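Below: one structure, written as structure tokens.
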Amino acid sequence: MLPNFLQNLNPEIYHSDNYTVVDFEVATNHGDFGRPIFPDNQLLLAVWWTPEGLVKRKWADELHQQELYEDLSRSDFIVAHNSIYELGWLKRGGFEISRLLPFDTQLGEYVLLGNLVSGHSDSGVPPTSISLDSCAARRGWSRKDPVVDILMGHGVNPASMPRKWVEDRCIQDVETTHALFRDQLDVLTRSNRLPVLYTRCLLTPVLADIQSEGMQLDEERVGIVYEDHVRQSVALEQEIASLTGGINTNSPKQLGEYLYDTLGLDEIRDRRGNPKRTDTGQRKTDAKTLLALGGKSPAQREFLGLYREQSKLADAISKSLRFFKEVCATQNGHFWADLNQTRTATHRLSSTGIPSDYGSVQFQNLAKAFKRLFKASREGWLVAETDGSGLEFRVAGFLGDDPQIRKDLTDPDFDPHVTSGAVMRKRDYRELLEAYRAGDKDAKKIRDAAKPDTFKPLYGGSKGTSEQERWYKGFKERYKALAEVQKQWVSRVLIEKKLVTPWGMTFFFPNARMNASGYVNVGNAVYNYPVQCLATAEIIPIALVFLWHTIHSTGLADRIKLVNTVHDSVVVEIHPSVVDEYTKIVEDCFTTKVYEYLKRVYALDFNVKLGVETTIGQYWGEE
DNA sequence: TCAAGATGCGCG
DNA sequence: AAAGCGCGCATCTTGA
6 MLPNFLQNLN
16 PEIYHSDNYT
26 VVDFEVATNH
36 GDFGRPIFPD
46 NQLLLAVWWT
56 PEGLVKRKWA
66 DELHQQELYE
76 DLSRSDFIVA
86 HNSIYELGWL
96 KRGGFEISRL
106 LPFDTQLGEY
116 VLLGNLVSGH
126 SDSGVPPTSI
136 SLDSCAARRG
146 WSRKDPVVDI
156 LMGHGVNPAS
166 MPRKWVEDRC
176 IQDVETTHAL
186 FRDQLDVLTR
196 SNRLPVLYTR
206 CLLTPVLADI
216 QSEGMQLDEE
226 RVGIVYEDHV
236 RQSVALEQEI
246 ASLTGGINTN
256 SPKQLGEYLY
266 DTLGLDEIRD
276 RRGNPKRTDT
286 GQRKTDAKTL
296 LALGGKSPAQ
306 REFLGLYREQ
316 SKLADAISKS
326 LRFFKEVCAT
336 QNGHFWADLN
346 QTRTATHRLS
356 STGIPSDYGS
366 VQFQNLAKAF
376 KRLFKASREG
386 WLVAETDGSG
396 LEFRVAGFLG
406 DDPQIRKDLT
416 DPDFDPHVTS
426 GAVMRKRDYR
436 ELLEAYRAGD
446 KDAKKIRDAA
456 KPDTFKPLYG
466 GSKGTSEQER
476 WYKGFKERYK
486 ALAEVQKQWV
496 SRVLIEKKLV
506 TPWGMTFFFP
516 NARMNASGYV
526 NVGNAVYNYP
536 VQCLATAEII
546 PIALVFLWHT
556 IHSTGLADRI
566 KLVNTVHDSV
576 VVEIHPSVVD
586 EYTKIVEDCF
596 TTKVYEYLKR
606 VYALDFNVKL
616 GVETTIGQYW
626 GEE
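Each residue of the first sequence is one higher than the last, beginning at 6 in our numbering.
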């Protein structure tokens, strides 16, 4: 049975008086801020406010908090600030966190601020802090004890502080969190954003569970790929050094001097003849620019060819492979990362690596080529990846109520990249599609080259070569209804300085303005935010919530483990015996369950078909 | 010497 | 004058 709150799907549950407010202090023996994944950290103190209005405290580790666990079991929901932390510790203490519904006051503040947490540098909006202390300060409430706060901020272990200091702080945090909850509940309700908060909070226990898992590398594969990369990289480095006389190609400055001064390459220019430069007016040296440079003389072509290869290898080594090798050598190939719920403007997740002596790697930008280095951490299990195919395009079709997108989605002969490629290269669509499908190399080239341009106009991209601009105009023409809706969003933002989406999520653009030539400084962000938000901050989280809870309520939790999620996808470790069950469940969760939830919680009639695809194998991304 | 900014690049 | 959006990490440069 799914827990009651998931059967009822009613955010009004937060108006119940039957809740518990919790704050933990942790002995941070590991040297971080007390992550529950590290065994040397330990729960130190729990303080909680009970539904009866009692403030209880217990100095004990996570295995000796029975009274708290009993109080939580009879509560409708748990209130905490950054509740993923408390949930992680509850899980480690053996508490079944799938029975818990959080009201997270950090998420509450995040929802109230919309996109303002991350700020918007293009329009001069600075980020806003949502720490408990900042939330209190904004409301004119008393701040945290500065002494304890500074100590903790500098990584002093609470276990070595005077008990009274720690206890007083923990009690005060519970009181502040409680007051913050009451305050936010009122504002969220009046502004019709309680459903959005509800969706955010439903996801948190899922993330706490995912974060406790981590991901597993295959030591043998890592070793082979690492050695191979290093060998090739060193060889190429030597060839390059003999050409350049030993410049540091990692330095954009030195590389630029070599390319443009020594080799005499011409900079890429816009149509007016002005060179395309970096923000500070330096000459560009990125891969895209180098590709466009081409190279005319043999010397130019030789260098560009070698450098293109070498920079890819060097990047792979410094960003991924060196870390992977060390993880295999020192932590059995297993590593963790944080999934952050309150970082992005659009409320999608972000990920941060956990620092180590050999760098850190986050979970959402692992090079696709290295997925095959990951396997299940459990002997004999498989790795499955499920993703929502073409998700943002479908969501744009829904929000723009665009008949052409609907038509394209149901047309078996629609290929988005062939479409953009055909327009840019002035080729007949049918003919190009058939050539591509027949395996024609040139057709595939055209399609691949078109990929980066296919969705650029979806978010306002309009400038480029004449070929590109022809397609960007073509896109707006093809998806007229969507373009019109996006224009209306921008008009509204210019007048109201905010955008309220049909499901209540609200974005703020306090510095929105149009310049003399009609350019709106936040226009492209306005085009993007509702689409990215609905797709990756609502729909996929909803799917994850149902997937996770269904797995738990059907007794599959010890044979299916969620281990990662990357915007439109989820990665699980799975026992081979339940592959068919998983496939059925996940398809239902990524489609039907989403429609039902959007209808019941947001009153949205999501009438565009969602797509779902699963890949299962011994390694991540391999069949 | 150190921190912040700039650049480039991986992902969706 | 030109301008797709959202992130985080490694490396180099800059400036105090």
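Using N, Cα and C, we set each Cβ at its ideal position, and we do this for glycine too.
Here the structure is a predicted model, which means the values were calculated and not measured.
Straight-line gap, residue i to residue j (C-alpha atoms, nearest Å)
i: residue 339; j: residue 562; result: 21 Å
i: residue 454; j: residue 426; result: 8 Å
i: residue 402; j: residue 516; result: 28 Å
i: residue 52; j: residue 320; result: 47 Å
i: residue 276; j: residue 461; result: 20 Å
i: residue 121; j: residue 570; result: 24 Å
i: residue 369; j: residue 58; result: 42 Å
i: residue 457; j: residue 483; result: 18 Å
i: residue 434; j: residue 428; result: 8 Å
i: residue 227; j: residue 610; result: 46 Å
i: residue 436; j: residue 480; result: 20 Å
i: residue 596; j: residue 176; result: 44 Å
i: residue 119; j: residue 513; result: 7 Å
i: residue 166; j: residue 365; result: 30 Å
i: residue 130; j: residue 90; result: 29 Å
i: residue 525; j: residue 494; result: 12 Å
i: residue 536; j: residue 424; result: 21 Å
i: residue 583; j: residue 432; result: 47 Å
i: residue 452; j: residue 459; result: 10 Å
i: residue 82; j: residue 109; result: 10 Å
i: residue 162; j: residue 229; result: 41 Å
i: residue 575; j: residue 602; result: 19 Å
For residue i, the three-state DSSP class (helix, strand or coil)
i: residue 157; result: helix
i: residue 146; result: coil
i: residue 527; result: coil
i: residue 166; result: coil
i: residue 369; result: coil
i: residue 609; result: coil
i: residue 346; result: coil
i: residue 98; result: coil
i: residue 492; result: helix
i: residue 24; result: strand
i: residue 535; result: helix
i: residue 243; result: helix
i: residue 274; result: strand
i: residue 125; result: strand
i: residue 14; result: coil
i: residue 421; result: helix
i: residue 359; result: coil
i: residue 65; result: coil
Close beta carbons around residue i, own chain, < 7 Å, minus the five adjacent residues each side
i: residue 264; result: 270 and 290
i: residue 465; result: 528, 529 and 532
i: residue 521; result: none
Same chain, Cβ closer than 6 Å to residue i, neighbours up to 5 away in sequence not counted
i: residue 104; result: 8
i: residue 539; result: 400
i: residue 66; result: 47 and 48
Beta bridge counterpart(s) of residue i as assigned by DSSP
i: residue 29; result: 51
i: residue 392; result: 574 and 618
i: residue 565; result: 579
i: residue 352; result: None; residue 352 has no bridge partner.
i: residue 519; result: 525
i: residue 624; result: 380
i: residue 429; result: Paired residue(s): none; residue 429 is not in a bridge.
i: residue 504; result: 512
Classification of residue i by the beta-carbon crowding that lies within 10 angstroms, buried from 16 upward
i: residue 73; result: buried
i: residue 69; result: exposed
i: residue 181; result: buried
i: residue 598; result: buried
i: residue 279; result: exposed
i: residue 557; result: buried
i: residue 239; result: exposed
i: residue 258; result: exposed
i: residue 6; result: exposed
Own chain partners of residue i with C-beta closer than 8 Å, once the 5 adjacent residues on each side are dropped
i: residue 179; result: 26, 27, 28, 52, 53, 54 and 60
i: residue 93; result: 40, 41, 42, 213, 216 and 217
i: residue 152; result: 170
i: residue 96; result: 41, 102, 213, 214 and 217
i: residue 223; result: 338, 378, 379, 380 and 624
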